[in-house]
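Novice: With this note's numbering as the guide, the letters of the sequence shown map in order to residues -16 to 707. A virtual CB, placed ideally from N, CA and C, is assigned to each residue, including glycine.
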Amino acid sequence: MTTPGDETNSGRAIDRVRSIVEEMTDDEKLWCLDGDAPFWAGLTYLGESGYHKSPFRAAKVARLGVPGFAFSDGPRGIVVDQATCFPVSMARGATWDPKLEERIGDAIGRELRAVGADLYGGVCVNVLRHPAWGRAQETYGEDPHHVGEMGAALARGVQAHGMACVKHFACNSMENARFQVDIAVDEAALHEVYLPQFKRIVDEGVAVVMSAYNSVNGEWCGDSRALLTDVLRDEWGFDGFVISDWIFGLRDAARSVHAGLDVEMPYRMIRAGRLPDALEKGDLAWEDVDRAVERVIATCLRFEEILARPVPGREVLACAEHRELAREVAAKSVVLLRNEPVDAGPLLPLDPRSTGSVAVLGRLADRVNLGDGGSSDVWAPEVVTLLDGIRAAAPGAVVSNDDGTDPAEAAVVAGEAEVAVVVVGYTRLDEGEYIGEFATDHLMDLFPGDDDPELVEAFTAQVATERLIEPPPHVVARGEAGGFAAGGDRSSLRLHDEDVALIAAVSAANPRTVVVLVAGSAVVMSEWDRTVPAVVQSWYSGMEGGHGVADVLFGQAEACGRLPFSVPNDDSDLPQFDARANEFTYDAWHGYWYLERAGTVPAYPFGFGLGYTTFALEEARAETSGGGIVVHATVANTGGRAGSDLVQVYARRRGSDRPFRLVGFGRVGVEPGGRAGLAIPVRTESLAERDLDAHAMVVRPGPYDLRVARHAGDPGITTEVVVD
Ligand code: BGC
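#1: Assign Leu215 to one of three DSSP states: helix, strand, or coil.
#2: Leaving out five residues before and five after Gly590 in sequence, what residues of the same chain have Cβ atoms less than 6 Å from its Cβ?
#3: Using the three-state DSSP reduction, which class does Tyr28 fall into: helix, strand or coil?
#4: With Tyr28 and Arg75 assumed to form a contact (beta carbons below 8 Å), what rounded beta-carbon distance in angstroms separates them?
#5: Would you be able to state if there are at least three C-beta pairs under 8 Å between the stretch 310 to 329 and the stretch 518 to 530?
#6: Mind checking Asp389: buried by the 16 CB within 10 Å criterion, or exposed?
#7: Could you pull the start and end residues of the beta strand (DSSP E) that Ser207 belongs to?
#8: What residues in its chain sit with their C-beta under 8 Å from that of Ser549, if we drop five residues either side in the sequence?
#9: Given Gly105, which residues of its chain have a CB within under 6 Å of its CB, disregarding the five upstream and five downstream residues?
#10: Do Lys150 and the ligand BGC come close, with the Cβ less than 7 Å from some heavy atom?
#11: What are the partner residues of Gly626, as DSSP defines its beta bridges?
#12: By Cβ distance, which residues of its chain are closer than 8 Å to Arg161, with the 5 residues on each side in sequence left out?
#13: Can the beta-carbon of Arg310 be found less than 8 Å from the beta-carbon of Glu527?
#14: For His174, I'd like the list of residues in its chain whose CB is within less than 7 Å of its CB, leaving aside the five on either flank, ordered along the chain.
#15: Using the DSSP secondary-structure output, state which residues sit across from Ala167 in a beta bridge.
#16: Using the Cβ count rule (16 or more neighbours within 10 Å means buried), how would you classify Met146?
#17: Apply the 10 Å Cβ neighbour rule to Thr596 and answer buried if 16 or more other Cβ atoms are within range, or exposed otherwise.
#18: Keeping to the same chain, check which residues put their C-beta closer than 6 Å to that of Asp271; ignore five residues upstream and five downstream.
#19: Identify which residue in Leu47, Ser37, Leu26 has its Cα closest to the Cα of Ile3.
#20: Is Met(-16) helix, strand or coil when you go by DSSP?
#21: Quick one: using the 10 Å Cβ neighbour count with 16 as the cut-off for buried, is Met133 buried or exposed?
#22: Express the C-alpha separation of Cys204 and Val382 in angstroms, rounding to a whole number.
#23: So the candidates are Gly99, Gly685, Leu675; which of them puts its Cα closest to the Cα of Thr448?
#24: So, helix, strand or coil for Phe598, using DSSP?
#25: Do the stretch 343 to 356 and the stretch 477 to 492 meet, that is, are 3 or more Cβ pairs less than 8 Å apart?
#26: Taking Cβ to Cβ, would you say Phe52 is nearer than 8 Å to Met248?
#27: Tell me, which residues are paired with Asn620 by DSSP?
#28: Could you tell me which residues DSSP puts in a beta bridge with Arg321?
#29: Use the C-beta contact count for Ala314: other C-beta atoms within 10 angstroms, 16 or more gives buried, fewer gives exposed.
#30: Could you check how far apart the C-beta atoms of Val192 and Phe231 are, in whole angstroms? I think they sit under 8 Å.
#31: In whole angstroms, give me the CA-to-CA distance for Ala268 and Ala671.
#32: What residue range is occupied by the uninterrupted alpha helix (DSSP H) comprising His241?
#33: Give the single residue among Leu210, Val341, Pro364 whose Cα lies nearest to the Cα of His457.
#34: Within the continuous alpha helix (DSSP H) that includes Cys283, where are the two ends?
#35: Is Arg1 helix, strand or coil by DSSP?
#36: Is it buried or exposed, Leu451, if we count other Cβ atoms within 10 angstroms and call 16 or more buried?
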């Protein structure tokens, strides 16, 4: 992570930036305020799978040595070329392991450079307000503290190699309505629920922020001075630059510059046509333009030294080390939700030596199913399906397979095997980014006139120098190399009827049935989960997912994932969601905060997950230390196998109307029959509330109750700390 240099260095850096900007012509300055590609030529290229062929470039002024930047998307890896596809962010959220996430960031950072890019767009940290959000899989969960820690770790890892971009600022958690919806949110909810994770990542030193498509309190995020200057720069001290989301990410060229949005992405679209006029008429001042250009150049120069290091070769893409990491993460992200005894003991883990036969069933069992088919789609060169993984994990077993189209046939296959594994859930057609139905007249008005032929020539020459990147075989087989999948918000939180029918048929034929759920967020499963002994949430688990998930099913890896969201018993237990809304209110209550306030018991709470052993939390106490708080806890392993437990700290100011909220967490490994202690640091800042008079986050002095627990709603051990 780069940190700003000392006074003298940063003084020198500012002088250097200013002198570059002074040298610039007006055209060169305006050139830095949007993507380098002409709109129509860029869009046509994008349609031919430009996402995977080359990075998006912006703000390069060769004459003055201004490097500009080259952007590749994420978050499950690098979308340009054929890179490592990691499990989706929500899976990584289930590891609750920032150190592991930093290692993923490090691997992604190397691959970023290897594809010729230097800005990674995959730090997506919008809080999961509702599990129907189509892009749920791209963030880490429903709690701002947890999401902030995971996102900060990813940014830290990536920024050892290049720049990272955190997105989508702010309140972007409805997909189908994203180009139209206005989110009404009051100051307290905004700062306590929807922004803390962004602040955490800004504090970590993230280089770039991407604004959101939607509007907040009546202002489009890309045009919002309230968000991009008042909060981001003036209140938080962010010193990087801001880019728009793609194509419709701002609505008013002049207003957006004045608001603090530095670069319109990805093409010369709205600003190129309108800014010269706006400057001429006095609707925008040149000093606003200069400020934006300075921020872009200063940030790129801040990374100059890192970016000057030798660039890894292409062989780093999906290299053995990164694939091994992808497998480790896939295993650590598996959440064991249910594991009831069948005959002697709990069904899982299966013993690879004594299991003679396994039936692997369902249309997702042998399908390449990596998640969203939009901007986060990574072209992994190869993918290990769960069927492949189970075959490799139990080489001595007879592994049969049926795609479950006819449940009766699948039941016959299940009945002949010792164990049945049913793989059910979603694909990129059920959830993901959504492009359809955006074509309102208002948005069409934003399209520019014809491209400048000279720029088209330069762009064509530039992309002609790019290496030819072919789609991998599984993408070709799917027949949709470049296009976006339908995706969008989920229309139901339950499984498809066919999946439910398959579970019923298989579990009736074989009492030793494991259900493996593939989904980016919560699945309501109350109509079937009690009918099977074992359920695991396995997410979109990446290119090595089949191996990672099989490692857990066969006990080569422990089951240690914990839910990064609450799973309700019924859709009606959750706050409202309206995929078609034009206006929507976000209040301070969602997820486990909402459920606890309503007294609703979830099916599986936030932070919950079983292991292959059992744990008891034995003691907990808190102390203030060096301006922060440290919680000490002891965990006993009460089962027969080594394992690690996740201890969570929830806090609430005594007498406040706020919920108990997560402020810290830590993992500890314990031997069977043993106990182990751990210390969990809690930043005092995590206790802050919005003061509506001071318009600032303040930590109110006085006693705070701390719940040290194993999941939300677990009474755990209560202790207190007094903050002065
Ligand atoms: C998405 C962003 C993404 C951008 C560029 C947009 O459609 O909303 O998350 O970074 O495309 O790929």
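Specialist: Once the coordinates are examined:
#1: Residue state for Leu215 is assigned as helix, using DSSP reduced to three classes.
#2: Non-local C-beta neighbours of Gly590 in its own chain, meaning closer than 6 Å and more than five positions away in sequence, comprise Arg545, Gln631, His694, Ala695, ordered along the chain.
#3: Three-state DSSP puts Tyr28 in a helix.
#4: Contact flag wrong, Cβ pair sits at about 31 Å.
#5: Yes, they touch.
#6: When all chains shown are included, Asp389 counts as exposed.
#7: Segment: none, Ser207 is in no beta strand (DSSP E) and carries neither H nor E.
#8: So the list reads Glu125, Ala505, Gly574, Tyr575, Leu578, Pro585, Tyr587, Pro588, Phe589, Ala695, once near-sequence residues are dropped.
#9: Answer for Gly105: Gly57, Pro58, listed in chain order.
#10: Yes, Cβ of Lys150 sits closer than 7 Å to a heavy atom of the ligand BGC.
#11: Note: Gly626 sits in a beta bridge opposite Val653.
#12: The residues are Asn155, Ala195, Tyr196, Asn197, Tyr417.
#13: Contact flag set, yes.
#14: Counting only Cβ-Cβ distances below 7 Å, and skipping sequence neighbours, we find Arg673, Met680.
#15: Its beta-bridge partners are Thr568.
#16: A residue is called buried when at least 16 other Cβ atoms come within 10 angstroms of its Cβ; Met146 meets this threshold and is buried.
#17: Classified as buried, Thr596 has 16 or more neighbouring CB atoms from the shown chains inside 10 Å of its CB.
#18: Val240, His241, listed in sequence order.
#19: Closest by alpha carbon: Leu47.
#20: For Met(-16), the pLDDT reaches just 42, beneath the cut-off of 50, and the residue's location in the model is therefore unreliable, although a value from the coordinates is still provided. In the structure shown, Met(-16) adopts coil according to DSSP, grouped into three states.
#21: It counts as buried.
#22: Counting only the Cα atoms, Cys204 lies some 52 Å from Val382.
#23: Among Gly99, Gly685, Leu675, the Cα nearest to that of Thr448 is on Gly99.
#24: DSSP places Phe598 in the strand class (E or B) of the three-state scheme.
#25: Yes: the two stretches touch, three or more of their Cβ pairs being nearer than 8 Å.
#26: It is not a contact, given that the beta carbons lie outside the stated cut-off.
#27: DSSP output for Asn620 lists Phe598 as bridge partner(s).
#28: Paired residues: Val518.
#29: Under this definition Ala314 is a buried residue.
#30: Going by Cβ atoms, the distance from Val192 to Phe231 rounds to 18 Å, so no, they are not a contact pair.
#31: Approximately 37 Å between the Cα atoms of the pair.
#32: That run of the alpha helix (DSSP H) goes 236 to 242.
#33: Distance check between His457 and each of Leu210, Val341, Pro364 places Pro364 closest, using alpha-carbon atoms only.
#34: First-last of the alpha helix (DSSP H) with Cys283: 269 to 285.
#35: Here Arg1 carries a helix assignment [DSSP, helix/strand/coil].
#36: By the 10 Å Cβ count, Leu451 comes out exposed.
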